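Trainee: Position one of the sequence shown corresponds to residue 70 (this note's numbering), numbered consecutively onward. Okay, here's the structure, questions in a sec.
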Amino acid sequence: MGAMAGRETFYCYACLHRHAKASAIGRGHARFDIEADASTSALQSHIREFSLQTRGVQAALRILGIEGVRIHPPRFGRGWPPKEEVERRYRDLVKHAHPDAGGDPEEFRRIQWAIEILRRYRPPEEYRMDDGPR
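Here it is as structure tokens:
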């Protein structure tokens, strides 16, 4: 994200872009800051959860070394890597990171978190749309 990273910027759910808080657009769209806790409406709460979920799934894929996958939105099946590939990557990584095998406990926890997120949010196979017609 370069120069616009950090809390000098925010992700706007109105236009789905990142804005600098000090910019004219940023000041005008401040009420649409997805990460702000200022809004309490149910709709904004759902939108915030959806955004955090999307970023969590993408982070979990990166932790497992699955690059180049774009899942947006995460609840839909399009773009998910095969379940077997995810589980294989998990098993390979956890063997080396497990503390009993001399691995790093923090890395082990990150891998455990990643597979938990991917198992929780992966849509059922019947709803996946990336395999073509059934």
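A virtual CB, placed ideally from N, CA and C, is assigned to each residue, including glycine. Since the model is a prediction, treat every value here as computed from it, not as a measurement.
For Ala-183, tell me which candidate among Ala-170, Leu-162, Gly-171 has the shortest Cα-Cα distance.
Mentor: Indexing the sequence shown from 1 puts residue 183 at position 114. Out of Ala-170, Leu-162, Gly-171, Leu-162 has the C-alpha closest to the C-alpha of Ala-183.
Trainee: Mind checking who His-86 pairs with in its DSSP beta bridge?
Mentor: Here the question's residue 86 lines up with position 17 in the sequence shown. Answer is Cys-81.
Trainee: Within 10 angstroms of the Cβ of Ala-91, are there 16 or more other Cβ atoms? Answer buried if so, exposed if not.
Mentor: The residue labelled residue 91 in the question sits at position 22 within the sequence shown. Classification for Ala-91: exposed.
Trainee: Under a Cβ-count criterion, where at least 16 other Cβ atoms within 10 Å of its own Cβ denotes burial, should Ala-166 be classed as buried or exposed?
Mentor: Against the sequence shown, residue 166 aligns to sequence position 97. Buried.
Trainee: According to DSSP, is Pro-173 part of a helix, a strand, or is it coil?
Mentor: Walking along the sequence shown from the start, residue 173 turns up at place 104. Note on residue identity: the sequence assigns Asp, not Pro, to residue 173. Here Asp-173 sits in coil by DSSP.
Trainee: For Asp-102, count neighbouring C-beta atoms within 10 Å of its own C-beta (all shown protein chains included) and say buried if the count is 16 or more, exposed if not.
Mentor: Here residue 102 corresponds to residue number 33 of the sequence shown, with the count starting at 1. Buried: at least 16 other Cβ atoms inside 10 Å.
Trainee: For Pro-202, name the three-state secondary structure that DSSP assigns.
Mentor: One-based indexing of the sequence shown puts residue 202 at position 133. At Pro-202, the pLDDT of 41 sits below 50, so the modelled position is not reliable and the matter cannot be decided from this model.
Trainee: Taking 8 Å as the limit between beta carbons, can you name the residues of its chain near Thr-78, skipping five residues before and five after?
Mentor: Here residue 78 refers to the residue found at position 9 when the sequence shown is read from its first residue. Here the set comprises Met-70, Arg-87, His-88, Ala-89, Lys-90, Gly-95.
Trainee: With DSSP as the reference, identify every bridge partner of Asp-161, one or two as the case may be.
Mentor: As a first step, residue 161 must be located in the sequence shown, where it is residue number 92. Answer is none; Asp-161 lacks a bridge partner.
Trainee: When you compare only the Cα positions, how much space is there between Pro-150 and Gly-171?
Mentor: Here residue 150 refers to the residue found at position 81 of the sequence shown. Here residue 171 refers to the residue found at position 102 of the sequence shown. Roughly 30 Å separates the two Cα atoms.
Trainee: Pull up the distance between the alpha-carbon of Ile-135 and that of Val-155, whole angstroms please.
Mentor: Position 66 of the sequence shown holds residue 135. Position 86 of the sequence shown holds residue 155. The straight-line gap from Cα to Cα measures roughly 8 Å.
Trainee: Quick check: what's the CA-CA separation for Ile-180 versus Ala-129?
Mentor: Here residue 180 refers to the residue found at position 111 of the sequence shown. Here residue 129 refers to the residue found at position 60 of the sequence shown. Approximately 8 Å, taken between the alpha carbons.
Trainee: Determine whether the beta carbon atoms of Lys-126 and Tyr-190 lie at a separation below 8 Å.
Mentor: Here residue 126 is taken as the residue at index 57 of the sequence shown, counted from 1. Here residue 190 is taken as the residue at index 121 of the sequence shown, counted from 1. Per the sequence shown, the amino acid found at residue 126 is Val instead of Lys. Contact flag set, yes.
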